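This note's numbering numbers the first residue of the sequence shown as 6 and each following residue consecutively.
Glycine residues also receive a C-beta, built at the ideal position from the N, C-alpha and C atoms.
For clarity, every value in this text was computed on a predicted model and none was experimentally measured.
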Amino acid sequence: MVQKSLETEDLRVRRTRKMLQDALIELTVEKGFAAVTVRDITERAMVNRSTFYRHYLDKYDLLEQYVTEVKALAEQDDALDGERELTPGGAPAGLVNLLEHVRAHSEFYRVMLGQMGDPVFTERFRQSIARRIHRWYSRFQTEPDAPPFDLKLTYVSCAGVGAILWWLEDKNPCTAEQLALWLSQLARSTMGVDAKAAGEVET
Numbered sequence: 006m007v008q009k010s011l012e013t014e015d016l017r018v019r020r021t022r023k024m025l026q027d028a029l030i031e032l033t034v035e036k037g038f039a040a041v042t043v044r045d046i047t048e049r050a051m052v053n054r055s056t057f058y059r060h061y062l063d064k065y066d067l068l069e070q071y072v073t074e075v076k077a078l079a080e081q082d083d084a085l086d087g088e089r090e091l092t093p094g095g096a097p098a099g100l101v102n103l104l105e106h107v108r109a110h111s112e113f114y115r116v117m118l119g120q121m122g123d124p125v126f127t128e129r130f131r132q133s134i135a136r137r138i139h140r141w142y143s144r145f146q147t148e149p150d151a152p153p154f155d156l157k158l159t160y161v162s163c164a165g166v167g168a169i170l171w172w173l174e175d176k177n178p179c180t181a182e183q184l185a186l187w188l189s190q191l192a193r194s195t196m197g198v199d200a201k202a203a204g205e206v207e208t
């Protein structure tokens, strides 16, 4: 009986948090993140402010919880021993999963990564991409006169955010897997890694 009660309470908590998260996403798309208030969120989610503050400190804390979901996707290990899991078409599977998540919430990401979004969110998103690229390519040696690895890593991750924003603003002109392949090719080129050495499939 106690176990059933706990399960019911857990379901209620998850439902409330989902309603608040959805409200944040909808309002961010409509108004831009900076203009959204806790009152806006609670009114849209149809919950009272005391309920909101039982779960979150403020709208930034709510956003942080959403970022955690993205971070979990972005930082998942692609495979064991530093090798990457690839899709049948040769795209990095973890990156495809991340892009599918972004596509599923395309309006939210288009706002958050654009001028009406939150710079902290964009930077966290860039860092998650940078960590993934670092895992993929840090084991490969580069030429002595090549730009520093950290410079190339920053360049590629910033460009990656820009490419994803282009994809969103252009209404997904290609599939998530195709974009993952292109991003992988661009990253290899910049990082100075041979496709065969990286274990990737050329298209």
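Give the DSSP-derived three-state secondary structure of Pro93 in the structure shown.
For the purposes of this step, residue 93 is taken as residue 88 along the sequence shown, with counting starting at 1. Pro93 falls in the coil class under three-state DSSP.
To the nearest angstrom, report how far apart Val34 and Glu112 are at their CA atoms.
To locate residue 34, count along the sequence shown from 1; it is residue 29. To locate residue 112, count along the sequence shown from 1; it is residue 107. For Val34 and Glu112, the distance between alpha carbons rounds to 6 Å.
According to DSSP, is Val72 helix, strand or coil?
What you label residue 72 is simply residue 67 of the sequence shown in a count that begins at 1. Note: Val72 maps to helix in three-state DSSP.
Report the residue from Leu173, Leu29, Thr195, Arg19 whose alpha carbon sits nearest the alpha carbon of Leu156.
By 1-based counting over the sequence shown, the position of residue 156 is 151. With distances taken between Cα atoms, Leu156 lies closest to Thr195.
Mind checking which residues open and close the alpha helix (DSSP H) that includes Phe57?
Counting from one through the sequence shown, the residue named residue 57 turns up at place 52. Start and end: 54-60.
Using a Cβ-Cβ cut-off of 7 Å, state whether Asp45 counts as contacting chain D.
Annotation note: the requested chain D is absent from the structure, which comprises a single protein chain.
Proximity to Arg4 [Cα-Cα], best of Arg22, Val166, Gln26, Ala109:
This structure leaves residue 4 out entirely; the chain is present only between 6 and 208.
Would Gln26 be called buried (16 or more neighbouring beta carbons within 10 Å of its own) or exposed?
For the purposes of this step, residue 26 is identified with residue 21 of the sequence shown, where counting begins at 1. The residue is buried, with at least 16 neighbouring Cβ atoms inside 10 Å.
Trp171: buried (16+ other C-beta within 10 angstroms of its C-beta) or exposed?
On the sequence shown, position 166 is the one that residue 171 refers to. With fewer than 16 Cβ atoms within 10 Å of its Cβ, Trp171 is classed as exposed.
With C-beta atoms as the reference, is Val161 less than 7 Å away from Ala192?
The residue you call residue 161 lines up with position 156 of the sequence shown. The residue you call residue 192 lines up with position 187 of the sequence shown. Cβ distance < 7 Å, so Val161 and Ala192 count as in contact.
Please return the same chain residues whose Cβ sits closer than 8 Å to the Cβ of Thr42, not counting the five positions on each side in sequence.
Within the sequence shown, numbered from 1, the residue matching residue 42 stands at position 37. Lys64, listed in sequence order.
What is the residue span of the alpha helix (DSSP H) that Val116 lies within?
If you number the sequence shown from 1, residue 116 lands on position 111. 111-117 is the extent of the alpha helix (DSSP H) around Val116.
Report yes if the C-beta distance between Phe38 and Thr47 is below 7 Å; otherwise report no.
Locating residue 38 in the sequence shown gives position 33, counting from the first residue. Locating residue 47 in the sequence shown gives position 42, counting from the first residue. Not closer than 7 Å, so no.
Would you decide whether Val116 is buried or exposed? Buried here means 16 or more other CB atoms lie within 10 Å of its CB.
The residue given as residue 116 occupies position 111 in the sequence shown. Buried, since its Cβ has 16 or more Cβ neighbours within 10 Å.
Here's the rule: buried if 16 or more other CB atoms are within 10 angstroms of the residue's CB, otherwise exposed. What is Leu103?
Residue 103 sits at position 98 when you count from the first residue of the sequence shown. So Leu103 counts as buried.
Is the beta carbon of Leu32 less than 7 Å from the beta carbon of Asp45?
Along the sequence shown, read from residue 1 onward, the residue named residue 32 stands at position 27. Along the sequence shown, read from residue 1 onward, the residue named residue 45 stands at position 40. In contact: Leu32 and Asp45 (Cβ atoms closer than 7 Å).
Given this structure, state the Cα-to-Cα distance separating Gln70 from Leu158, to the nearest angstrom.
Along the sequence shown, one-based indexing puts residue 70 at 65. Along the sequence shown, one-based indexing puts residue 158 at 153. Going by the C-alpha atoms only, they are around 26 Å apart.
What residue range does the alpha helix (DSSP H) around Ser263 cover?
A query on residue 263 cannot be resolved here, the shown segment of the chain reaching from 6 to 208 and no further.
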